[in-house]
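Going letter by letter, the sequence shown gives residues 1 to 127 in full-length UniProt numbering.
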Amino acid sequence: MSKQQASLPVVDLNADAPCCPPLAQRRIPAETAAVLAPALKALGDPVRLQLMSMIASAEGGEVCVCDLTPAFDLTGPTISHHLKTLRESGLVDAERRGTWVYYRARPQILRQLAALLSVEPAPAAQP
1 MSKQQASLPV
11 VDLNADAPCC
21 PPLAQRRIPA
31 ETAAVLAPAL
41 KALGDPVRLQ
51 LMSMIASAEG
61 GEVCVCDLTP
71 AFDLTGPTIS
81 HHLKTLRESG
91 LVDAERRGTW
101 VYYRARPQIL
111 RQLAALLSVE
121 PAPAAQP
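Okay, here's the thing in structure tokens:
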């Protein structure tokens, strides 16, 4: 193992602090890219992006699958597949209550992605 690989921190998707500087400021380490790529890939589908928006903006912080499914012209199993992809990528948590499943966005990973995609200029060096 090279010294560079040994010194790279492991990305904690539950951390509140950004994992790395924005893409516009510095190259993202390969290990960080490997951890964050599944979440970005999951959001690359229009249905999943809409589902994520509905979940993240839900009043009370969570939404029942019974409220998500009617918003789409798709079958229940197809919506379930998309929700499973969001869950497996770490973007949402799910909790079964009786026959229904309730979904909540994971704000920490959303903050990680938002910080990574920020286009704010790097702070100017102090003289």
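Virtual Cβ for every residue (Gly too), placed ideally from N, Cα, C.
Assuming residue i is part of the beta strand (DSSP E), what are its boundary residues?
i: Ala94; result: Val92 to Arg97
Could you name the residues of the same chain whose beta carbon sits closer than 8 Å to that of residue i, not counting the 5 residues immediately before and after it, in chain order?
i: Lys41; result: Ser89
i: Leu83; result: Leu51, Val65, Leu68, Val92, Ala94, Val101 and Tyr103
i: Asp45; result: His82 and Thr85
i: Leu110; result: Ala56 and Leu91
Less than 6 Å between C-beta atoms, sequence neighbours within five positions excluded: which residues of the same chain meet that for residue i?
i: Glu95; result: Tyr102
i: Ala56; result: Ala105
i: Gly76; result: Thr69
i: His81; result: none
i: Met1; result: With a pLDDT of 39 at Met1, under the threshold of 50, the predicted position of this residue should be treated as unreliable, and no value is reported.
Locate the alpha helix (DSSP H) running through residue i, then write down its first and last residues.
i: Arg48; result: Pro46 to Ala56
i: Arg111; result: Pro107 to Leu117
i: Arg75; result: First, the amino acid is wrong: residue 75 is Thr here, not Arg. Neither: Thr75 is in no alpha helix (DSSP H) and is coded neither H nor E.
i: Glu31; result: Ala30 to Ala42
i: Cys66; result: Val65 to Leu68
What's the call for residue i, buried or exposed, on a 16-neighbour Cβ count within 10 Å?
i: Leu36; result: buried
i: Thr99; result: exposed
i: Thr85; result: buried
i: Val27; result: First, the residue type needs correcting, since residue 27 is Arg and not Val in the sequence shown. It is exposed - the Cβ of Arg27 has fewer than 16 other Cβ atoms within 10 Å.
i: Ser7; result: Since pLDDT at Ser7 reaches only 34, below the 50 mark, its modelled position is unreliable, and no value is offered.
i: Ala30; result: exposed
Cutting at 7 Å between CB atoms, please list the residues of its own chain near residue i, excluding the five before and the five after it.
i: Ser118; result: Pro22
i: Leu49; result: Leu43
i: Phe72; result: Val47 and Ile79
Given the structure, does residue i come close to the ligand PLP, in the sense that its CB is under 8 Å from one of the ligand's heavy atoms?
i: Cys66; result: Among the components of this structure there are no ligands whatsoever, and the ligand PLP is therefore not found.
Cβ contact check for the stretch 89-104 and the stretch 52-64: 3 or more pairs under 8 Å: Note that the stretch 89-104 touches the stretch 52-64; at least 3 beta-carbon pairs, one per stretch, sit closer than 8 Å.
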